[in-house]
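Visitor:
2 protein chains.
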Amino acid sequence: MKQVEGGVTAAKGFLAAGVEARVKYQNRKDMALIYSETPCAAAGTFTRNLVKAAPVKWDQKVVEESPFVQAVVVNSGIANACTGGPGMECCRAEAECAGKLLHIPAEAVLVASTGVIGMQMPLERITAGIEQLVREKKATLQGGSDAARAIMTTDTVPKEIAVETVIGGKTVTLGGMCKGSGMIHPNMCTMLGFLTTDACISAELLKKALRDDVIDTFNMISVDGDTSTNDTVLLLANGLAGNEEITAPGPDYDAFCQALRFVTVYLARKMAGDGEGATALFECRVVGAASKQDARILAKSVICSSLSKAAIFGHDANFGRFLCALGYSGVSFDPENVDLYFDSENGSLHIFSQGCALDYSEEEAAKILSAPEVTVTADMHMGAEEAVAWGCDLSYEYVKINADYRS
Amino acid sequence: MKQVEGGVTAAKGFLAAGVEARVKYQNRKDMALIYSETPCAAAGTFTRNLVKAAPVKWDQKVVEESPFVQAVVVNSGIANACTGGPGMECCRAEAECAGKLLHIPAEAVLVASTGVIGMQMPLERITAGIEQLVREKKATLQGGSDAARAIMTTDTVPKEIAVETVIGGKTVTLGGMCKGSGMIHPNMCTMLGFLTTDACISAELLKKALRDDVIDTFNMISVDGDTSTNDTVLLLANGLAGNEEITAPGPDYDAFCQALRFVTVYLARKMAGDGEGATALFECRVVGAASKQDARILAKSVICSSLSKAAIFGHDANFGRFLCALGYSGVSFDPENVDLYFDSENGSLHIFSQGCALDYSEEEAAKILSAPEVTVTADMHMGAEEAVAWGCDLSYEYVKINADYRS
Chain A
930 MKQVEGGVTA AKGFLAAGVE ARVKYQNRKD MALIYSETPC AAAGTFTRNL
980 VKAAPVKWDQ KVVEESPFVQ AVVVNSGIAN ACTGGPGMEC CRAEAECAGK
1030 LLHIPAEAVL VASTGVIGMQ MPLERITAGI EQLVREKKAT LQGGSDAARA
1080 IMTTDTVPKE IAVETVIGGK TVTLGGMCKG SGMIHPNMCT MLGFLTTDAC
1130 ISAELLKKAL RDDVIDTFNM ISVDGDTSTN DTVLLLANGL AGNEEITAPG
1180 PDYDAFCQAL RFVTVYLARK MAGDGEGATA LFECRVVGAA SKQDARILAK
1230 SVICSSLSKA AIFGHDANFG RFLCALGYSG VSFDPENVDL YFDSENGSLH
1280 IFSQGCALDY SEEEAAKILS APEVTVTADM HMGAEEAVAW GCDLSYEYVK
1330 INADYRS
Chain B
930 MKQVEGGVTA AKGFLAAGVE ARVKYQNRKD MALIYSETPC AAAGTFTRNL
980 VKAAPVKWDQ KVVEESPFVQ AVVVNSGIAN ACTGGPGMEC CRAEAECAGK
1030 LLHIPAEAVL VASTGVIGMQ MPLERITAGI EQLVREKKAT LQGGSDAARA
1080 IMTTDTVPKE IAVETVIGGK TVTLGGMCKG SGMIHPNMCT MLGFLTTDAC
1130 ISAELLKKAL RDDVIDTFNM ISVDGDTSTN DTVLLLANGL AGNEEITAPG
1180 PDYDAFCQAL RFVTVYLARK MAGDGEGATA LFECRVVGAA SKQDARILAK
1230 SVICSSLSKA AIFGHDANFG RFLCALGYSG VSFDPENVDL YFDSENGSLH
1280 IFSQGCALDY SEEEAAKILS APEVTVTADM HMGAEEAVAW GCDLSYEYVK
1330 INADYRS
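From first to last, the protein sequence lines stand for chains A and B.
Just so we're on the same page, the working numbering is the position in the first sequence counted from 1, plus 929.
Just so we're on the same page, the working numbering is the position in the second sequence counted from 1, plus 929.
1) One question on the structure: do Gly-1098 (chain B) and Cys-1129 (chain B) come within less than 8 Å of each other, judged by their Cβ atoms?
2) Using a Cβ cut-off of 8 Å (strictly closer), state whether Met-930 (chain A) contacts chain B.
3) Return no unless some Cβ of chain B is closer than 8 Å to the Cβ of Ile-1046 (chain A).
4) Does the beta-carbon of Ala-1286 (chain A) have 16 or more other beta-carbons within 10 angstroms, so that it is buried, or is it exposed?
5) Given a limit of 9 Å on CB to CB distance, which residues of the segment 966-996 of chain A reach chain B?
6) In or out: Thr-1208 (chain B) buried (at least 16 other Cβ within 10 Å) or exposed?
7) Check Arg-957 (chain B) in the structure and name its three-state DSSP category.
8) Where do the ends of the alpha helix (DSSP H) carrying Ala-1132 (chain A) lie?
9) I need the straight-line Cα distance from Met-1048 (chain B) to Asn-1159 (chain B), nearest angstrom please.
10) Among all the DSSP beta bridges, which residues are the ones paired with Ile-1090 (chain A)?
11) Would you kindly work out how many angstroms separate the C-alpha atoms of Thr-1069 (chain A) and Ala-939 (chain A), rounded to a whole number?
12) Taking only the alpha-carbon atoms, compute the straight-line gap between Thr-1176 (chain B) and Ala-1010 (chain A) and give it to the nearest angstrom.
13) Is the Cβ-Cβ distance between Cys-900 (chain B) and Asp-1145 (chain B) less than 8 Å?
14) Take Lys-1088 (chain A) as the anchor and find which of A:Thr-1193, A:Phe-1271, A:Ser-1277 and A:Glu-966 has the nearest alpha-carbon.
15) With H, G and I counted as helix, E and B as strand and the rest as coil, what does DSSP make of Ser-1258 (chain B)?
16) Label Gly-1206 (chain B) either buried or exposed according to how many other C-beta atoms from any shown protein chain fall within 10 Å of its C-beta, with 16 as the threshold for buried.
17) Is it the case that the CB of Val-948 (chain B) approaches a heavy atom of the ligand GDP more closely than 7 Å?
18) Below 6 Å CB to CB, which residues in the same chain sit around Pro-968 (chain B) once its five sequence neighbours on both sides are set aside?
19) Among A:Val-991, A:Glu-1173 and A:Ala-1318, which has the Cα closest to the Cα of Ala-1233 (chain A)?
20) Which residue wins for smallest C-alpha separation from Gly-1122 (chain B), given the options B:Tyr-1289, B:Thr-976, B:Glu-1291 and B:Thr-1094?
21) Could you check whether Asp-1272 (chain B) and Asp-1308 (chain B) sit closer than 8 Å to each other, using their CB atoms as the reference points?
22) Between the Cα of Val-1162 (chain B) and the Cα atoms of B:Phe-1281, B:Glu-1093, B:Ser-1042 and B:Pro-1051, which residue gives the shortest distance?
23) Under the three-state reduction of DSSP, which class applies to Thr-1306 (chain B): helix, strand or coil?
24) Are there 16 or more other CB atoms within 10 angstroms of the CB of Asn-1331 (chain A), so buried, or fewer, so exposed?
25) Please report the distance separating the alpha-carbon of Ala-1295 (chain B) from that of Asp-1245 (chain B).
26) Within 10 Å of its beta-carbon, does Lys-990 (chain B) have 16 or more other beta-carbons around it, so buried, or fewer, so exposed?
27) Can you find the residues in the same chain that come closer than 6 Å, C-beta to C-beta, to Val-1038 (chain B), ignoring five residues on each side of it along the sequence?
28) Give a yes or no on whether the minimum CB-CB distance between Cys-1011 (chain A) and chain B is below 8 Å.
29) Apart from the five residues just before and just after Val-1178 (chain A), which ones in its own chain have a Cβ nearer than 7 Å to its Cβ?
30) Select from A:Val-1216, A:Ile-1046 and A:Thr-1056 the residue whose C-alpha is nearest the C-alpha of Val-1002 (chain A).
31) Across which residues does DSSP place Thr-1056 (chain A) in a beta bridge pair?
32) So what does DSSP say about Asn-1148 (chain A), is it helix, strand or coil?
33) Mark Lys-1066 (chain A) as exposed unless 16 or more other C-beta atoms lie within 10 angstroms of its C-beta, in which case mark it buried.
34) Note down, one range per segment and in chain order, each alpha helix (DSSP H) of at least 4 residues found wholly within the segment 1263-1303 of chain B.
35) Starting from Thr-1193 (chain B), trace the alpha helix (DSSP H) both ways and give me its first and last residue.
36) Apply the 10 Å Cβ neighbour rule to Pro-1301 (chain B) and answer buried if 16 or more other Cβ atoms are within range, or exposed otherwise.
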C-alpha cells in the first residue's frame, strides 16, 4: 500500500468539482460535487444526535434503500438542520436537480450540508450551484481539490488523501476528503467525510468495513464535545479497478480495510489537529487496558477534558488534569497503578508512576508539550488492549470563533 | 424561613477562621477552620472521580465511622491529589495537629484541599497554619467571612449565605460557604462546600437530606465538564438550636430540607455564575419532560455544551446549538415538538417551535442574552417533570486562567 496524490478523484471513474454558489459565504467555493461515471455501492455512517439535519435523513434512506448511488452534492455555509418540512423538501429538490442534469435517478444522489443550524437554504442559489458543478466536474486532481475546499467551514486547510493497494492482482485506489472543525465529537463529528474507491466490493461488506472502521478513527476524535446534527461519512465504491468482487472476509477484504484505515486515520488526525482555534494536535494513547472499549473511553475522556486541552495550549505539564479525566471516565482502574508519559518530536518523558509525580524537569516537559503534535500515553497495567484518541488544545481563538460564528 | 447575615458561623456554636499560611499562594488567606463547640452529626458527599484526593478518602472514612465530628481544616493552593502515601499521611498529621490543639480526637477532624493536583503538601506550613487558625477562631461574621475567603482559588468573590427557619418551635439556623470555580462538574465540582447548622437532627436523616439535595443543586452545575478529584460537600449539625431531634420524615424534616435547598441553590448558582472566566450565569430550565431524570440530563447537556456556552458569551441567538445539545444528551424526544425560549432581566422570547425558527428579532435576542443571568427554557411536551441546571459562558478568560494556572 502506498500513498498517492489526490483525494476523491484519485480512484478510477470519479469526477469532482467545487464552485462559488454564495449559499451563505461570499468569495469562496461553497458547493461540491462528487460523481462516479458508473453506479456505486454505498456505505454511510451518520450522527447519533437525535436532532438530525434534513440531509442526514435523506442520505440514511438512500444508503438503505437505493440499489446504487452515483453522486454526492455538498454545501457549506448552512447546515439545513432544524429546518422542518422545508428542509426536507430542499434535499429532494437538490437530488432531483442533480439527477436530472446527470441523467441518474434522484434516489442515486446523496446530499450533505454544514454550517449554521436553523437557517433555511436558498434553493435558487443551490440549484444554480448544482448546474455549475455539473458543468465543471472533472476527473483531475484539481477537481478533487476544488471539492475539498468547497466543503470547508472554519477549517484552515483542506483535508484530502489517497492510497493505492493491490487486491486480487489489481491496483485499487481509495481516496477521501473531510472537513472539521467545530461541533466535532463524532458519535459516528459537523464532520463530513467523503471516501471514494474503485474497489469492487459488495454493498454489504462495504457497509461493514465502514462501520467497523469509524469506531477507532472518526469516532475517536473530538474538538469540543458537541456532537453535530449533520455528521456524515459516505464511502462510494464503483468497482472500476476490476478486482474480483470482495464478497466475504479474507485477505482481499483485509487489504481493503487496511487502505481504508490508513485514509481515515490520516483524515481524523488532520481534522483534530485543525480543530477550531487549535495550535496543536493532542493525542492520547491508552495502553494496558482491560478491554478495547475501556481503552477507547479512557483515551477519549482525556482528549475531551477542557482543562487537559487548556494545559496543552499552555504547554503546562499539569499531569493531574489528565489523571483526573481518566478518573471520571467511568472506567474502573487503580490510580496508584497508572504510568503517564509525554511524547512529541521534542522528546519523551515518564512523568507519573505509583500514585506520585516522578522527579522531572518542568522545562523539559514544557518543551515536549510545545510541539505541534503532542501525545499523552497512559499505561493502565490491567491488560493488553490499546486505543488512541485525537483532539486539540483549547485556545482563545476557539472562543473567538464560536462567540461570533454567525456574524 | 428568611435569609440572615453570615455563613458558616451563623448557626449557634460554630466558630471559624481564615489565615495566611503560604501553602502555595502568597499574600492572601489560604487556610480555613470551622469548629463547633459541641460534637456534630456529619454528612458528606464526595467526588465520584475514581482518582480521589487524599482528603476525600480521609473524610469518607470519618463521615462513615466516627461517632461525631467537631472541626474542618481546609487549605487552598494545593489539592493533595495524586500524592500517594505521603498525601494520606499529611491528612492524618493535619487531623492530629488540629485534634490536639482543639482537645478533640483526630477522628473528629475533617480535612479538605483544593488547588494544583500532583504536588506534595508543605506539612510544616500546614501545621503552623493550623496553630494560627485555632488561635484566631471566632463565632463572628468576620470569622465566617475569613474562612470563605481562605478557601477561594480562581473564584473572584467569596460565597456564603445563611437562613433561619423555625422547627418544632425553635429558631434553627443553617449557613454555608463554598468555592468554585474550575474543574467544576460535580458528580457529587473542585467544588468544596461547607454547611453548618444548629438543628438537632439524627446523623442518618442528615445524610439522607444532603444526599437527596445535591442531586438537584450542586450536581446540576458545570463550569467545564471536568469532575474534580477533590469535590466535597460537608454538612455539620450540632443540635444547639434545641429543637426536638428530627429522627423521621415529617414537617420538621421538610422544613430543614427547605432551608438546606435554599442555601444550596444559592451557593450552586453563585458558583456557576462565578465560573472561571464567566461573564454570565447560564441557566437551562427543562420543562415538560417525561421523567425527572430525563429533565436533569437534558438541562445539564445544554449548560455543558462548549458551543452553547460560547454563544452565550457572544450574545448570539444561535439556538441550533441548544437543540443540538439536547439531541446528543441521550434522552429520547421528538425534535419537531420542542419549544425554546430565552429569558433574562432584559426580556423574554419564544424562538423555536414545531421544528423551525420563529420570526424573531436578532437584536432583541442579543439584548436578552447580554444580561448577567440568562435562562434558556426547553419545553419537551412529553410530561410534567422539570429540572434546572446552572453553568456559565465560555470566555477567553477561561482559557487564559487554565493555560497557565500553575504559574
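Beta carbons are placed, not taken as given, at the ideal position from N, Cα and C, and that holds for glycine.
Guide: In terms of the structure at hand:
1) Looking up residue 1098 (chain B) in the second sequence gives position 169. Looking up residue 1129 (chain B) in the second sequence gives position 200. With contacts defined by Cβ atoms closer than 8 Å, Gly-1098 (chain B) and Cys-1129 (chain B) do not form a contacting pair.
2) Looking up residue 930 (chain A) in the first sequence gives position 1. Look at Met-930 (chain A): its C-beta is not under 8 Å from any C-beta on chain B.
3) Along the first sequence, one-based indexing puts residue 1046 (chain A) at 117. Judged by the 8 Å Cβ criterion, Ile-1046 (chain A) is in contact with chain B.
4) The count along the first sequence starts at 1 and reaches residue 1286 (chain A) at position 357. Buried, because 16 or more other Cβ atoms sit within 10 Å of the Cβ of Ala-1286 (chain A).
5) Those residues of the segment 966-996 of chain A that come within reach of chain B (Cβ to Cβ, closer than 9 Å) are Thr-976, Arg-977, Asn-978, Leu-979, Val-980 and Lys-981.
6) Numbered from 1 along the second sequence, position 279 holds the residue referred to as residue 1208 (chain B). Result: buried.
7) Residue numbering aside, residue 957 (chain B) sits at position 28 when the second sequence is read from its first letter. Looking at Arg-957 (chain B) - three-state DSSP - the assignment turns out to be coil, as it is neither helix nor strand.
8) Residue mapping note: residue 1132 (chain A) aligns to position 203 of the first sequence, counting from 1. Per DSSP, Ala-1132 (chain A) belongs to the alpha helix (DSSP H) from 1132-1143.
9) Residue numbering aside, residue 1048 (chain B) sits at position 119 when the second sequence is read from its first letter. Residue numbering aside, residue 1159 (chain B) sits at position 230 when the second sequence is read from its first letter. When rounded, the distance between both Cα atoms is 14 Å.
10) Numbered from its first residue, the first sequence carries residue 1090 (chain A) at position 161. Ile-1090 (chain A) pairs with A:Gly-1105.
11) Numbered from 1 along the first sequence, position 140 holds the residue referred to as residue 1069 (chain A). Numbered from 1 along the first sequence, position 10 holds the residue referred to as residue 939 (chain A). Put simply, the backbone Cα of Thr-1069 (chain A) is about 8 Å away from that of Ala-939 (chain A).
12) One-based indexing of the second sequence puts residue 1176 (chain B) at position 247. One-based indexing of the first sequence puts residue 1010 (chain A) at position 81. Their Cα atoms are separated by approximately 54 Å.
13) A query on residue 900 (chain B) cannot be resolved here, the shown segment of chain B reaching from 930 to 1336 and no further.
14) For the purposes of this step, residue 1088 (chain A) is taken as the residue at position 159 of the first sequence. Between Lys-1088 (chain A) and the set A:Thr-1193, A:Phe-1271, A:Ser-1277 and A:Glu-966, the nearest pair of CA atoms involves A:Thr-1193.
15) Stepping through the second sequence from its first residue, residue 1258 (chain B) is reached at position 329. In the structure shown, Ser-1258 (chain B) sits in coil (DSSP, three-state: anything other than H, G, I, E or B).
16) Counting from one through the second sequence, the residue named residue 1206 (chain B) turns up at place 277. By the neighbour-count criterion, in which 16 or more other beta carbons inside 10 Å mark a residue as buried, Gly-1206 (chain B) falls on the buried side.
17) In terms of ligand content, the structure shown is empty, and the ligand GDP therefore cannot be addressed.
18) Your numbering for residue 968 (chain B) matches position 39 in the second sequence. Only Phe-997 and Gln-999 meet the Cβ criterion.
19) Taking the first sequence and counting its residues from 1, the one referred to as residue 1233 (chain A) is at position 304. Checking the sequence shown, residue 1233 (chain A) turns out to be Cys, not Ala. Closest option to Cys-1233 (chain A), Cα to Cα, is A:Ala-1318.
20) Here residue 1122 (chain B) refers to the residue found at position 193 when the second sequence is read from its first residue. Closest by alpha carbon: B:Thr-976.
21) Against the second sequence, residue 1308 (chain B) aligns to sequence position 379. Against the second sequence, residue 1272 (chain B) aligns to sequence position 343. Cβ distance not < 8 Å, so Asp-1308 (chain B) and Asp-1272 (chain B) don't count as in contact.
22) Locating residue 1162 (chain B) in the second sequence gives position 233, where the first residue counts as 1. Nearest C-alpha to Val-1162 (chain B): B:Ser-1042.
23) Here residue 1306 (chain B) refers to the residue found at position 377 of the second sequence. Under the three-state reduction of DSSP output, Thr-1306 (chain B) falls in the strand class.
24) Translated into the one-based positions of the first sequence, residue 1331 (chain A) becomes position 402. The residue in question, Asn-1331 (chain A), is buried, as its Cβ has 16 or more Cβ neighbours within 10 Å.
25) Taking the first residue of the second sequence as 1, we reach residue 1295 (chain B) at position 366. Taking the first residue of the second sequence as 1, we reach residue 1245 (chain B) at position 316. In this structure, the alpha-carbon of Ala-1295 (chain B) lies about 6 Å from that of Asp-1245 (chain B).
26) Here residue 990 (chain B) refers to the residue found at position 61 when the second sequence is read from its first residue. Counting of Cβ neighbours within 10 angstroms places Lys-990 (chain B) among the exposed residues, the total staying below 16.
27) Position 109 of the second sequence, counted from the start, is the residue given in the question as residue 1038 (chain B). Excluding the 5 residues flanking it on each side, Val-1038 (chain B) has same chain C-beta neighbours closer than 6 Å at Ala-1000, Ala-1024, Ala-1027 and Gly-1028, in chain order.
28) Reading the first sequence from its first residue, position 82 is the one you call residue 1011 (chain A). Cys-1011 (chain A) counts as touching chain B.
29) Along the first sequence, read from residue 1 onward, the residue named residue 1178 (chain A) stands at position 249. First, the residue type needs correcting, since residue 1178 (chain A) is Pro and not Val in the sequence shown. Exclusion of the five residues before and after Pro-1178 (chain A) leaves no residue of its chain whose Cβ lies closer than 7 Å to its Cβ.
30) Counting from one through the first sequence, the residue named residue 1002 (chain A) turns up at place 73. Here the closest residue by C-alpha is A:Thr-1056.
31) Taking the first residue of the first sequence as position 1, residue 1056 (chain A) is located at position 127. As DSSP reads the structure, Thr-1056 (chain A) sits in no beta bridge.
32) Here the question's residue 1148 (chain A) lines up with position 219 in the first sequence. In the structure shown, Asn-1148 (chain A) sits in a helix (DSSP, three-state: H, G or I).
33) What you label residue 1066 (chain A) is simply residue 137 of the first sequence in a count that begins at 1. Classification for Lys-1066 (chain A): buried.
34) Correct list: 1291-1298.
35) Working through the second sequence from its first residue, we reach residue 1193 (chain B) at position 264. Thr-1193 (chain B) -> alpha helix (DSSP H) spans 1180-1202.
36) The residue given as residue 1301 (chain B) occupies position 372 in the second sequence. Answer is exposed; the Cβ neighbour count stays below 16.
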